[in-house]
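A.B. asks: Structure provided below as structure tokens; questions to follow.
In this note's numbering, the protein residues as written are 948 to 1172.
Have a look at this one:
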């Protein structure tokens, strides 16, 4: 700072304050965006639990009554479940509650491994469901086996939902730590800027003002010292 001109001695702290402010704003925007992405993933994972329960109900409904409505509802639930599973695994657009949303793939290895296990289980469940075509004792036994698998799927996505929530909380905590750090730096820079301004502008100007007042009063003793 000693070799800088007065202009830069004043400008450098101010530029640092401005840069820190911009960084904080960008961090807050990024944090809000990340929280929105987390909310979408948590919502979709939670919906997978509900779809698993619905499929179990419709499987039994179709096997016991051969009602075509159960079959239609089952097919619809299966399609939504598979689309949602793919979106969680790889990312991509998905319709949730009548609204098109972008699902962002998580970078958490544990969640990705759990989703891979869910996909493997789902392929077996899907094949078993498609193998049920009529009312029979054999179909009832298959429905009971499918129900057991779907109960496990409910537990899998209950675990996935909690893992998404935990990952989201960790991200928020990390971002808040950075923001608090920037806030402390921001206050330090303001204090530093005040010190520079006081040393190189306020004190010299005050001294000149006093000298000018002394000259105006005809007292040159203070200015000659």
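All C-beta atoms in this analysis are idealised placements derived from N, C-alpha and C, irrespective of residue type, glycine included.
Excluding five sequence neighbours on each side, which residues of the same chain lie with their C-beta closer than 6 angstroms to the C-beta of residue 1110?
C.D. replies: Translated into the one-based positions of the chain shown, residue 1110 becomes position 163. So the list reads 1058, once near-sequence residues are dropped.
A.B. asks: Start and end of the beta strand (DSSP E) containing residue 1046?
C.D. replies: Position 99 of the chain shown, counted from the first residue, corresponds to residue 1046. Note, residue 1046: beta strand (DSSP E), 1046-1050.
A.B. asks: Are the CB atoms of residue 1028 and residue 1090 within a distance shorter than 9 angstroms?
C.D. replies: Within the chain shown, the letter at position 143 stands for residue 1090. Within the chain shown, the letter at position 81 stands for residue 1028. Not in contact: residue 1090 and residue 1028 (Cβ atoms no closer than 9 angstroms).
A.B. asks: Could you pull out every residue in the same chain whose Cβ sits closer than 7 angstroms to the Cβ of residue 1140, ignoring the five residues on either side in sequence?
C.D. replies: Counting from 1 along the chain shown, the entry for residue 1140 is found at position 193. Result list for residue 1140: 960, 961, 964, in chain order.
A.B. asks: Output the boundary residues of the beta strand (DSSP E) element that contains residue 1039.
C.D. replies: As a first step, residue 1039 must be located in the chain shown, where it is residue number 92. Run containing residue 1039: 1039-1043, per the beta strand (DSSP E) assignment.
A.B. asks: Determine the DSSP secondary structure at residue 1031, reduced to helix, strand or coil.
C.D. replies: Counting from 1 along the chain shown, the entry for residue 1031 is found at position 84. Helix, per DSSP.
A.B. asks: The alpha helix (DSSP H) that contains residue 1055, what's its start and end?
C.D. replies: Sequence index remark: in the chain shown, residue 1055 carries index 108 (1-based). Run containing residue 1055: none; DSSP gives neither H nor E here.
A.B. asks: Does the Cβ-Cβ distance between residue 991 and residue 1035 come in under 9 angstroms?
C.D. replies: Taking the chain shown and counting its residues from 1, one reaches residue 991 at position 44. Taking the chain shown and counting its residues from 1, one reaches residue 1035 at position 88. The answer is yes: Cβ separation under 9 angstroms.
A.B. asks: Could you give the DSSP three-state label for residue 1079: helix, strand or coil?
C.D. replies: Numbered from its first residue, the chain shown carries residue 1079 at position 132. The answer is coil: DSSP assigns residue 1079 none of H, G, I, E or B.
A.B. asks: Grab me the residues of residue 1014's own chain with a C-beta within less than 8 angstroms of its C-beta, minus the 5 sequence neighbours each way, in chain order.
C.D. replies: Here the question's residue 1014 lines up with position 67 in the chain shown. 1008, listed in sequence order.
A.B. asks: So which of 977, 1051, 1032 has the shortest CA-CA distance to residue 940?
C.D. replies: Missing from the structure shown is residue 940; the chain here goes from 948 to 1172 and no further.
A.B. asks: Rounded to a whole number of angstroms, what is the C-alpha to C-alpha distance between residue 1061 and residue 974?
C.D. replies: Locating residue 1061 in the chain shown gives position 114, where the first residue counts as 1. Locating residue 974 in the chain shown gives position 27, where the first residue counts as 1. About 30 angstroms.
A.B. asks: What would DSSP say about residue 1165, mapped onto helix, strand or coil?
C.D. replies: Residue numbering aside, residue 1165 sits at position 218 when the chain shown is read from its first letter. If DSSP states are grouped into helix, strand and coil, residue 1165 belongs with coil.
A.B. asks: My output table needs one value for residue 1013: the three-state DSSP class, helix, strand or coil.
C.D. replies: Taking the first residue of the chain shown as 1, we reach residue 1013 at position 66. Residue 1013 falls in the coil class under three-state DSSP.
A.B. asks: Please go through the same chain and pick out, in chain order, the residues whose beta-carbon is closer than 8 angstroms to the beta-carbon of residue 987, but skip the five residues on each side of it.
C.D. replies: Sequence index remark: in the chain shown, residue 987 carries index 40 (1-based). Same-chain partners within the cutoff: 1043, 1048, 1049, 1050, 1051.
A.B. asks: Residue 1032 and residue 995: beta carbons closer than 9 angstroms?
C.D. replies: Sequence index remark: in the chain shown, residue 1032 carries index 85 (1-based). Sequence index remark: in the chain shown, residue 995 carries index 48 (1-based). The answer is yes: Cβ separation under 9 angstroms.
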